[in-house]
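Worksheet for the structure shown next.
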Amino acid sequence: MITKYFSSVLWQVDMNRNVKPKFVSCSIAALAAALMFSPFLMGQASFDAHDLSGVWQFAPGGGGQGPGDNFPPLTAWGQASYDANKPGYGPRAAPGGNDPILKCSPIGVPRILFVIWPFEIIHIPGRILMFFEGQHTIREIWMDGRKLPDDPDPRWYGYSVGRWEGDTLVVETAGFNDKTWLGAQGQPHSEEMRTIERYRRVDHTTIQFNLTIDDPKTYTKTWEAEPRVIKLKPGVEIPESFCVASEEEEFAKRIREPAARQVK
């Protein structure tokens, strides 16, 4: 479309030598503006596949706030955990919801990767940092060649190590506690969970994301989450966004609990 417009301008100049310079100048300016803000050309801008710096956000769709609803069959332990989890909203919403984030507990990995807030990727020597707007949290990924510890202490975000496989960043994480959910609908996990994330920058503004979850205590087979797309958010800064327990309690009292009772 842009090429046709530019060709039309040049054709008019060539066929009519009396075209006013002002018309040509305005047309070229309009073309330049269109090119500047063209999503196609922004995506085709040069980029380093090994540099993921910038503020990013998961594109709408896919698994929503979690790896997806297509999780594998649960083990007996996993089913009992799932039944005990009471989401604060959605089709399984129930009064007295016990989603950990409703008490301002850390969101955890991989759930925080799927929330609606943007996050910033920062490269520093030996590490990659992920700075999330959600709960104003920083995640650390070691890139210095170390392996996962044999028996890491359980953590909310686990212990993460990364490496490059060609143009793909591969992040392995273990050492989770079992206090977080994988998604808003109460998908559980155990301390045995291990995850593998793959980030592949396919153009200047797009990362393809894949996630594999292996938790034999909770699921009867490996969980391949729905593939997702992450988009660059130029000019966006991560604002202050803390979870405040008193505000969460007030929101639950006035909105969340009444809504859950109506669902039932």
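So for the sequence shown, the working numbering puts the first residue at 982; every next one is plus one.
Backbone N, C-alpha and C define an ideal beta-carbon position, used for all residues, glycine too.
Decide if H1170 is buried, meaning its Cβ has at least 16 other Cβ atoms within 10 Å, or exposed. Reading the sequence shown from its first residue, position 189 is the one you call residue 1170. Looking at its Cβ environment, which holds 16 or more other Cβ atoms inside 10 Å, H1170 is buried.
List the endpoints of the continuous alpha helix (DSSP H) containing A1057. The residue you call residue 1057 lines up with position 76 of the sequence shown. A1057 to A1065 is the extent of the alpha helix (DSSP H) around A1057.
Where G1147 sits in the DSSP three-state scheme: Counted from its first residue, the sequence shown places residue 1147 at position 166. Of the three classes helix, strand and coil, the one that applies to G1147 here is coil, per DSSP.
State the start and end residues of the unbroken beta strand (DSSP E) segment that holds E1121. As a position in the sequence shown, residue 1121 is number 140, starting the count at 1. Where E1121 is concerned, the enclosing beta strand (DSSP E) stretches over T1118 to W1123.
Quick one: using the 10 Å Cβ neighbour count with 16 as the cut-off for buried, is R1235 buried or exposed? Position 254 of the sequence shown, counted from the first residue, corresponds to residue 1235. R1235 comes out exposed.
Looking only at its own chain, which residues have a Cβ that is under 7 Å from the Cβ of P1135, when we skip the five neighbours before and after it? Looking up residue 1135 in the sequence shown gives position 154. G1156, F1157, N1158 and E1172, listed in sequence order.
Are the CB atoms of T1176 and G1089 nearer to each other than 8 Å? Stepping through the sequence shown from its first residue, residue 1176 is reached at position 195. Stepping through the sequence shown from its first residue, residue 1089 is reached at position 108. It is not a contact, given that the beta carbons lie outside the stated cut-off.
Could you give the DSSP three-state label for G1115: helix, strand or coil? In the sequence shown, residue 1115 corresponds to position 134, counting from 1. Residue state, collapsed to three classes: helix.
Quickly, what does DSSP pair A1155 with across the bridge? List them, please. Counting from one through the sequence shown, the residue named residue 1155 turns up at place 174. Answer is Y1140, bridged to A1155.
What first and last residue would you give for the beta strand (DSSP E) that runs through G1232? As a position in the sequence shown, residue 1232 is number 251, starting the count at 1. For clarity, residue 1232 is Phe in the given sequence; the question names Gly instead. Run containing F1232: none in the beta strand (DSSP E); it sits in the alpha helix (DSSP H), A1226 to F1232.
So E1207 packs on G1071, CB below 8 Å; how close in whole Å? As a first step, residue 1207 is located in the sequence shown; it is residue number 226 there, counting from the start. As a first step, residue 1071 is located in the sequence shown; it is residue number 90 there, counting from the start. Actually they do not touch by this definition, with Cβ atoms about 17 Å apart.
Just checking my contact of T1056 with K1202 at CB under 8 Å: how many whole Å lie between their CB atoms? For the purposes of this step, residue 1056 is identified with residue 75 of the sequence shown, where counting begins at 1. For the purposes of this step, residue 1202 is identified with residue 221 of the sequence shown, where counting begins at 1. Contact doesn't hold; Cβ gap of about 10 Å is too wide.
Given P1099 as reference, the closest of R1092, F1112, P1087 and P1106 once Cα atoms are compared: Reading the sequence shown from its first residue, position 118 is the one you call residue 1099. Minimum Cα distance to P1099 is reached at F1112.
Using the Cβ count rule (16 or more neighbours within 10 Å means buried), how would you classify R1092? By one-based count along the sequence shown, residue 1092 stands at place 111. Answer is buried; the Cβ neighbour count reaches 16.
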